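Chemist:
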Amino acid sequence: MRKQPEINERRRRLLLKNTSLGSVGYVLPICALLVVKVLGFVSYAYQNVAIISLWVLLSRIISYAIIKNRREISVFFAGSVLWCELINWVLIYIYLVSFLNEIRLAALFFAFIGIIFLLTNAGFVASLVLSSVVVVSYTSVS
């Protein structure tokens with residue numbers, strides 16, 4: 010049987026790894042948004058991309074700091090972190106969909122990144138929740 014400190018460290022490493030990998034999932038769409046803006050294909054302002062970038066950066070730093078400084082990493086805490094990150098992603102996605110205009114269809118591609126991450130880390134229920142929010146937010150803005 011494993012000792013509690015070993016379990017805590019294993020959970021911490023897993024949460025930190027997921028937070029780091031999640032950052033990549035945010036960076037790819039942000040880079041795509043910048044490329045299409047620089048090429049002149051879209052009408053949204055650079056300010057919109059800056060807001061999302063800052064939001065992502067701050068949320069990643071806060072999440073990472075909370076996980077790193079938490080003494081005990083329980084199963085409940087790990088699940089709470091996952092759900093908080095899901096809610097954060099949903100809020101970012103809703104903001105993203107609200108300004109994409111000409112390339113709103115790209116938001117569906119961006120949503121696949123989140124869905125794939127959740128399928129591999131959280132399971133079916135979280136992916137179903139995310140998929141439902143994506144559909145509702147996309148259709149309400151379109």
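Residue numbers (the working numbering): 10 to 151. From the three backbone atoms N, C-alpha and C, an ideal C-beta is built for every residue, glycine too. A quick note: this is a predicted structure, and the numbers were derived from the prediction, not measured.
1) Among 85, 62, 29, whose alpha-carbon lies nearest the alpha-carbon of residue 38?
2) My guess is that residue 150 and residue 106 are in contact by the Cβ rule of under 8 Å, so how many angstroms apart are they, rounded?
3) Would you report the Cα separation of residue 87 and residue 122, rounded to the nearest angstrom?
4) Which whole-angstrom value describes the C-beta separation of residue 108 and residue 55, a residue pair presumed to lie in contact below a C-beta threshold of 8 Å?
5) Output yes or no for whether 8 Å exceeds the beta carbon distance between residue 64 and residue 124.
6) Considering residue 21, what are the terminal residues of the alpha helix (DSSP H) in which it resides?
7) Tell me the rounded alpha-carbon separation between residue 83 and residue 22.
8) Identify whether residue 142 lies in helix, strand or coil by the three-state DSSP scheme.
9) Report the option in 126, 98, 71, 81 whose CA atom is closest to the CA atom of residue 18.
10) For residue 31, count neighbouring Cβ atoms within 10 angstroms of its own Cβ and tell me buried if that reaches 16, exposed if not.
Modeler: Here's the rundown:
1) Along the sequence shown, one-based indexing puts residue 38 at 29. If we check each option's Cα against that of residue 38, 62 comes out closest.
2) Looking up residue 150 in the sequence shown gives position 141. Looking up residue 106 in the sequence shown gives position 97. About 5 Å separates the two Cβ atoms, so the contact holds.
3) As a first step, residue 87 is located in the sequence shown; it is residue number 78 there, counting from the start. As a first step, residue 122 is located in the sequence shown; it is residue number 113 there, counting from the start. Residue 87 and residue 122: Cα-Cα distance of roughly 21 Å.
4) Counting from one through the sequence shown, the residue named residue 108 turns up at place 99. Counting from one through the sequence shown, the residue named residue 55 turns up at place 46. Incorrect: roughly 11 Å between the Cβ atoms, too far for contact.
5) The residue labelled residue 64 in the question sits at position 55 within the sequence shown. The residue labelled residue 124 in the question sits at position 115 within the sequence shown. In this structure, residue 124 does not lie closer than 8 Å to residue 64 by Cβ.
6) Locating residue 21 in the sequence shown gives position 12, counting from the first residue. Note, residue 21: alpha helix (DSSP H), 13-47.
7) For the purposes of this step, residue 83 is taken as the residue at position 74 of the sequence shown. For the purposes of this step, residue 22 is taken as the residue at position 13 of the sequence shown. Cα to Cα, the separation comes out at about 13 Å.
8) As a first step, residue 142 is located in the sequence shown; it is residue number 133 there, counting from the start. Helix.
9) Within the sequence shown, the letter at position 9 stands for residue 18. Of the candidates 126, 98, 71, 81, the one whose C-alpha sits nearest the C-alpha of residue 18 is 81.
10) Reading the sequence shown from its first residue, position 22 is the one you call residue 31. Counting Cβ neighbours within 10 Å, residue 31 comes out buried, since at least 16 surround it.
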